[in-house]
């Protein structure tokens with residue numbers, strides 16, 4: 001069992017790791033995290049630390065997951081987060097019970113798409129913003145605009161070293177998908193937004209090579225931000241995947257040690273407002289609710 005600020009979770013409690021997309025911070029996944037926590041599911045959003053290679057990042061991710069004390073984890077990854085989640089699942093398939101890939105990309109896709117990556121060390125903010133915003137369609141729906149502003153604000157809060165590291169993670173030639181065993185098809189779900197400007201070819205390529213038995217679930221709108229625009233759909237897809245694998249996603253009385261529904265509701269509320277002092281290393285995690293919970297390596 002693992003304990004954070006007096007809240008004790010059983011090891012069989014579903015634990016979901018949320019990996020944000022390119023040029024995104026953990027804040028972009030707060031809507032999904034809150035929905036999952038309201039169901040009694042442990043939701044952990046990750047802030048990518050600064051490493052020199054993806055291999056080092058995966059080692060750090062392994063150490064971080066060990067500190068969670070969960071017997072198994074489920075991973076939700078958005079574009080680059082999906083790529084990192086797949087690499088981890090190939091190396092530690094016995095620890096990953098389910099893998100939800102949203103707008104996944106193959107390795108090096110951003111380098112091919114944005115020729116200015118060669119200048120990442122000199123102008124990382126320019127490179128990241130151009131790569132992130134160039135994925136938007138020519139005409140953006142009005143309800144998506146606030147989320148674009150939100151993303152731009154988050155980018156402004158990234159440090160220079162973090163920006164360079166994010167670019168490095170998307171173009172590291174040393175890690176190639178398919179080099180290890182893939183998860184069984186029943187443990188994988190792929191979702192893609194239909195209004196994403198460059199989705200079809202990369203996702204079809206990934207789908208055909210790695211998961212030929214997994215069909216792509218369409219999300220009508222959301223462009224590159226379906227997790228912000230449609231968190232309810234993402235939650236539904238994840239719960240479907242977890243139930244398919246036999247995990248109980250109901251909010252049960254034995255989920256939190258203690259008992260009745262009132263105490264469980266208080267525990268869930270406390271989890272949202274708790275700042276974990278025994279921070280997992282070496283990754284940073286951040287969960288948001290009415291307050292913020294932040295752990296640093």
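In the UniProt record's numbering, the protein residues as written are 1 to 297.
All residues carry an ideal CB built from backbone N, CA and C; glycine is no exception.
Terminal residues of the beta strand (DSSP E) in which residue i lies
i, result
"residue 98", "96-102"
Closest Cα partner of residue i within the set the options
i, options, result
"residue 226", "23, 29, 14", "29"
"residue 212", "89, 188, 195", "188"
"residue 184", "230, 57, 95", "95"
"residue 103", "27, 123, 218", "218"
"residue 155", "145, 130, 97, 82", "130"
"residue 144", "31, 171, 22, 230", "230"
"residue 27", "38, 158, 124", "158"
"residue 142", "126, 216, 215, 223", "223"
"residue 220", "241, 237, 193, 214", "193"
"residue 160", "39, 190, 51, 86", "51"
"residue 105", "82, 48, 241", "82"
"residue 241", "122, 97, 153, 149", "97"
"residue 62", "216, 37, 153, 93", "93"
"residue 22", "214, 39, 48", "48"
"residue 57", "71, 214, 67, 87", "87"
Pair within 8 angstroms by beta-carbon distance, residue i and residue j
i, j, result
"residue 169", "residue 46", "no"
"residue 16", "residue 43", "yes"
"residue 84", "residue 73", "no"
"residue 89", "residue 99", "yes"
"residue 77", "residue 19", "yes"
"residue 233", "residue 151", "no"
"residue 41", "residue 14", "yes"
"residue 186", "residue 243", "no"
"residue 237", "residue 191", "yes"
Residue i - containing alpha helix (DSSP H), residue span
i, result
"residue 85", "80-91"
"residue 165", "160-169"
"residue 231", "231-244"
"residue 67", "54-68"
"residue 150", "145-156"
"residue 30", "30-38"
Presumed contact (8 angstroms Cβ cut-off) between residue i and residue j, rounded CB distance
i, j, result
"residue 162", "residue 35", "With 8 angstroms as the limit, residue 162 and residue 35 do not qualify as a contact, their Cβ atoms being about 27 angstroms apart."
"residue 147", "residue 228", "4 angstroms"
"residue 91", "residue 128", "Contact flag wrong, Cβ pair sits at about 27 angstroms."
"residue 124", "residue 164", "5 angstroms"
Bridge partners - residue i, DSSP secondary structure assignment
i, result
"residue 191", "102, 217"
"residue 45", "18"
"residue 185", "In DSSP, residue 185 forms no bridge with anything."
"residue 77", "19, 101"
Residue i at chain C interface by Cβ criterion, 8 angstroms
i, result
"residue 187", "Looking for chain C here will not work: only one protein chain is present."
Any non-hydrogen atom of the ligand GDP closer than 7 angstroms to residue i Cβ
i, result
"residue 52", "Judged by which ligands are present, the structure shown has none, so any question about the ligand GDP falls away."
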